[in-house]
Amino acid sequence: MPIQDKVKIRDIDATRYSARWFDTVNNSYLKASIIRDNDGIEAQVPFDSDAILILRKK
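Quick note on the working numbering: the sequence shown kicks off at 156 and runs consecutively.
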């Protein structure tokens, strides 16, 4: 079970990102859906294990 079920990142510059998850257990990638609000961006962890959120500036 992951430590967190979502990730929240402050982004005061309102930079646009493409995002994907890296599943460390299965060594695979999955497109991430990110939600932007006034404070930054938020993404839900789609796996039952730990994963890495990869952000790339658009």
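The beta-carbon is built from N, C-alpha and C at its ideal position, and this holds for glycine as well.
When DSSP states are grouped into helix, strand and coil, residue 173 belongs to the strand group.
The three-state reading of DSSP puts residue 186 in strand, counting E and B together. Comparing C-alpha distances from residue 193 to each of 178, 174 and 169 shows the shortest one belongs to 169. Taking every protein chain shown into account, the CB of residue 180 has fewer than 16 other CB atoms within 10 angstroms, so this residue is exposed.
For residue 159, no beta strand (DSSP E) encloses it, and the DSSP letter there is neither H nor E.
With respect to the 8 Å criterion, residue 200 and residue 166 are not classified as neighbours on the basis of their beta carbons.
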